[in-house]
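Single-structure report; data block below.
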Amino acid sequence: MHNHKDRIGNVHNILDDSDTSTLANICRSAAERFKETADGFRKLIDHKPLEGEQHDEAGRIFIDMTPHGPAAARLAEQFDRQAAEAIKFAEIFGDADHAEVIGPAEEEEDAA
Numbered sequence: 009m010h011n012h013k014d015r016i017g018n019v020h021n022i023l024d025d026s027d028t029s030t031l032a033n034i035c036r037s038a039a040e041r042f043k044e045t046a047d048g049f050r051k052l053i054d055h056k057p058l059e060g061e062q063h064d065e066a067g068r069i070f071i072d073m074t075p076h077g078p079a080a081a082r083l084a085e086q087f088d089r090q091a092a093e094a095i096k097f098a099e100i101f102g103d104a105d106h107a108e109v110i111g112p113a114e115e116e117e118d119a120a
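Here you go:
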């Protein structure tokens with residue numbers, strides 16, 4: 009990776025094929041994690057939270073806040089969408105010879 013500044017100070021980071029390959033692998037790993045998380049939430053759709061006030065061994069109140077029902081289904085769908093997006097990015101980066109990321113001009117610190 010190398011970078012340069014344009015005439016207005018924006019930083020252009022040029023990623024080579026090694027960098028884009030790394031990004032593709034990161035996206036594939038993220039997609040797998042998103043899928044695993046979605047599967048976990050699907051398992052919670054039928055979860056029945058404990059009813060009433062519960063206490064642990066120390067006498068502290070325990071409230072079952074585990075997502076379940078429609079909330080768990082929505083979370084599973086959200087993570088499925090993120091997995092699909094991560095796969096798309098993996099394909100984009102995997103097919104790329106290089107990529108360019110442009111960031112805002114860096115603000116110079118005051119010399120005070």
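According to our numbering, the stretch in the sequence shown is residues 9 to 120, in order.
Beta carbons: idealized from backbone N, C-alpha and C, even for Gly.
Note that this is a predicted model, so its numbers are computed, not measured.
Q: Could you tell me how far apart the beta carbons of Ala104 and Thr28 are, in whole angstroms, since I believe they sit closer than 8 Å?
A: As a first step, residue 104 is located in the sequence shown; it is residue number 96 there, counting from the start. As a first step, residue 28 is located in the sequence shown; it is residue number 20 there, counting from the start. The pair is a contact, with the Cβ atoms about 4 Å apart (cut-off 8 Å).
Q: Go to Ala48, then tell me how far its alpha helix (DSSP H) extends in each direction, as first and last residue.
A: One-based indexing of the sequence shown puts residue 48 at position 40. Reading off the sequence, residue 48 comes out as Gly, not Ala. Looking at the DSSP string, the run of the alpha helix (DSSP H) that includes Gly48 is Asp25 to Lys51.
Q: Measure from the alpha carbon of Arg36 to the alpha carbon of each residue in Phe70, Ile100, Ile110 and Pro112, then state which is nearest.
A: On the sequence shown, residue 36 is found 28 positions in, with the first residue counted as 1. The residue with the shortest Cα to Cα distance from Arg36 is Ile100.
Q.
Whole angstroms are fine: how far does the CA of Gly17 sit from the CA of Ala84?
A. Stepping through the sequence shown from its first residue, residue 84 is reached at position 76. Stepping through the sequence shown from its first residue, residue 17 is reached at position 9. Cα-Cα distance, rounded: 42 Å.
Q | Residue from Gly60, Thr45 and Glu108 whose Cα sits closest to the Cα of Met73 | A | What you label residue 73 is simply residue 65 of the sequence shown in a count that begins at 1. It is Gly60 whose Cα lies nearest to the Cα of Met73.
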